[in-house]
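Chemist:
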Amino acid sequence: MEQIPVHFDARVLDHDTGTAMHEAAPSPWFAAGEPHTEGRLRIERMHDVLANGPVRDRVRFAPGRLAVEDELLTVHDADYVAEVRRLAERGGGWVTPTTRLGPDSHVPLLAAAGTALAAAESVMSGAAALAYALTRPPGHHAQRARADGYCFFNGAALAADAALRAGAARVLVVDWDVHHGNGTQDIFYDRDDVLTVSIHMDHGAWGPSHPQTGRLEERGAGAGLGFNQNVPLPLGAGNIAYARAFDEVVAPLAERFRPDMIVCASGQDASAFDPNGRHNVSMTGFRTIGAKVRALADRHTDGRAILVQEGGYNPSYAPYCLLATFEGLLGTSEPTADPLGYLPDQTLGLDERFAALAAELSEDRLSRLDAPSAPSVSSAAASPRPRE
Ligand SMILES: [Zn+2]
Numbered sequence: 308m309e310q311i312p313v314h315f316d317a318r319v320l321d322h323d324t325g326t327a328m329h330e331a332a333p334s335p336w337f338a339a340g341e342p343h344t345e346g347r348l349r350i351e352r353m354h355d356v357l358a359n360g361p362v363r364d365r366v367r368f369a370p371g372r373l374a375v376e377d378e379l380l381t382v383h384d385a386d387y388v389a390e391v392r393r394l395a396e397r398g399g400g401w402v403t404p405t406t407r408l409g410p411d412s413h414v415p416l417l418a419a420a421g422t423a424l425a426a427a428e429s430v431m432s433g434a435a436a437l438a439y440a441l442t443r444p445p446g447h448h449a450q451r452a453r454a455d456g457y458c459f460f461n462g463a464a465l466a467a468d469a470a471l472r473a474g475a476a477r478v479l480v481v482d483w484d485v486h487h488g489n490g491t492q493d494i495f496y497d498r499d500d501v502l503t504v505s506i507h508m509d510h511g512a513w514g515p516s517h518p519q520t521g522r523l524e525e526r527g528a529g530a531g532l533g534f535n536q537n538v539p540l541p542l543g544a545g546n547i548a549y550a551r552a553f554d555e556v557v558a559p560l561a562e563r564f565r566p567d568m569i570v571c572a573s574g575q576d577a578s579a580f581d582p583n584g585r586h587n588v589s590m591t592g593f594r595t596i597g598a599k600v601r602a603l604a605d606r607h608t609d610g611r612a613i614l615v616q617e618g619g620y621n622p623s624y625a626p627y628c629l630l631a632t633f634e635g636l637l638g639t640s641e642p643t644a645d646p647l648g649y650l651p652d653q654t655l656g657l658d659e660r661f662a663a664l665a666a667e668l669s670e671d672r673l674s675r676l677d678a679p680s681a682p683s684v685s686s687a688a689a690s691p692r693p694r695e
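Its first residue numbered 308, the sequence shown is counted upward by one per residue in my numbering.
1. Nearest-angstrom Cα distance between Asp-323 and Gln-492?
2. Measure the CB-CB distance between Tyr-496 and Gly-527 and report whether it falls below 8 Å.
3. According to DSSP, is Arg-498 helix, strand or coil?
4. For His-314, report the span of its beta strand (DSSP E) as first-last.
5. Do Asp-484 and ligand 2 come close, with the Cβ less than 7 Å from some heavy atom?
6. Residues in the same chain with beta-carbon distance under 7 Å from Ala-332, minus the five sequence neighbours each way, listed in chain order, please.
7. What is the residue span of the beta strand (DSSP E) that Phe-368 lies within?
8. Should Asn-359 be listed as close to ligand 1, given that the test is whether its C-beta is under 7 Å from any heavy atom?
9. If you count every other CB in all the chains shown that lies within 10 Å of the CB of Pro-404, and 16 or more means buried, which is it?
10. Below 7 Å CB to CB, which residues in the same chain sit around Gln-653 once its five sequence neighbours on both sides are set aside?
11. Can you find the residues in the same chain that come closer than 7 Å, C-beta to C-beta, to Gly-533, ignoring five residues on each side of it along the sequence?
12. According to DSSP, is Asn-489 helix, strand or coil?
13. Where does Met-308 sit, in a helix, a strand or coil, going by DSSP?
14. Run the CB neighbour count on Gly-531, radius 10 Å, all protein chains shown included, and call it buried at 16 or more, exposed below.
15. Starting from Val-391, follow its DSSP beta bridges and name the residues at the other end.
16. DSSP three-state call for Leu-479: helix, strand or coil?
17. Could you check which residue in Val-313, Leu-408, Leu-348, Ser-589 has the C-alpha nearest to that of Asp-364?
18. With contact counted as at least three CB pairs below 8 Å, one residue from each stretch, are the segment 610-629 and the segment 564-576 in contact?
19. Taking the C-alpha atoms as reference points, what is the distance between Glu-396 and Ile-494?
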């Protein structure tokens, strides 16, 4: 029976984001403190649901590891990596209005990055077809030289780069965290060996740490023009919108790009109950996402994909949404009942939005993605399948 390795390193729990008012610095008006929304509880409970829930026999926990700084330099600038280390050594602090570095955060951040790399190694070595890095803090907002949105080092980007260095020729990154994967976009913006697709709610640029907008117009630059696709969806978008994003945008792009590895930035903050999201995805939607990732992998990458944990901030519901994602990946026949979901799906404005996306996928645009017709010599593990 297939078991998906879930790479986990308990040291990531020691990244102490302290108390907050949701995600901002605490307000003096409240006597009782609350933990910062990006705290350890969310990941502890995701670990529990996989360890004890209905897929417990279909997953196996596998170790993470610490990244070494040289590995971080594959996607981050040296000055930035040194700056994060020095700030942690000085006791940490708020690096953006929502992003806090704790006094003992440096090792946890290295464990978060290293655990994403460990998942990449599981897949690239052939030990597993799918591997999941269950880690925190998230990483997809971390840009080449800038922390943002709780993120310091970009685990999904590190995994994508590691896949390239291990022999993959063309990596598709699919990001369904409810926020724009601006860090991953920034890191690969001028490259044509990584196609980044981010599905997210309309939130636009949110300040100096997040200058990117997440809009359609951000398509990549130079050699990477056409290799960045944003899929901004209206507030309230739910299961149908995410399924359409995969069917109408991700799938046709992948058909032309023909990736030989897929990296997923897997968030659950598109759920209807997330404090950080205004989308309306339920367990049903996350199960569909898992199944669509599996189908993409079966079609393009011999069933292989590397998944890295991103957001998901409701400690009650996000673990169930992660469970549903696994059920979709595994194709389990008896989906777990949703303990909370009840909101009807919102389809207002979706046709207009997908018409705009369809216009983006012009032949002129798609032809830029066409893989070379000869099989890639650097991709020993997975020879590209002929286009059908
Ligand atoms: Zn997010």
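Beta carbons are placed, not taken as given, at the ideal position from N, Cα and C, and that holds for glycine.
The structure presented is a predicted model; accordingly, all values stated were derived computationally and were not measured.
Modeler: Walking through what the data contain:
1. 27 Å
2. yes
3. coil
4. 311-315
5. The ligand content of the structure shown is limited to ligand 1, which means ligand 2 is not among them.
6. Trp-401
7. 366-370
8. no
9. exposed
10. Gly-543, Ala-544, Gly-545, Asn-587
11. Arg-526, Gly-527, Arg-672, Arg-675, Leu-676
12. helix
13. coil
14. buried
15. Answer is none; Val-391 lacks a bridge partner.
16. strand
17. Val-313
18. yes
19. 26 Å
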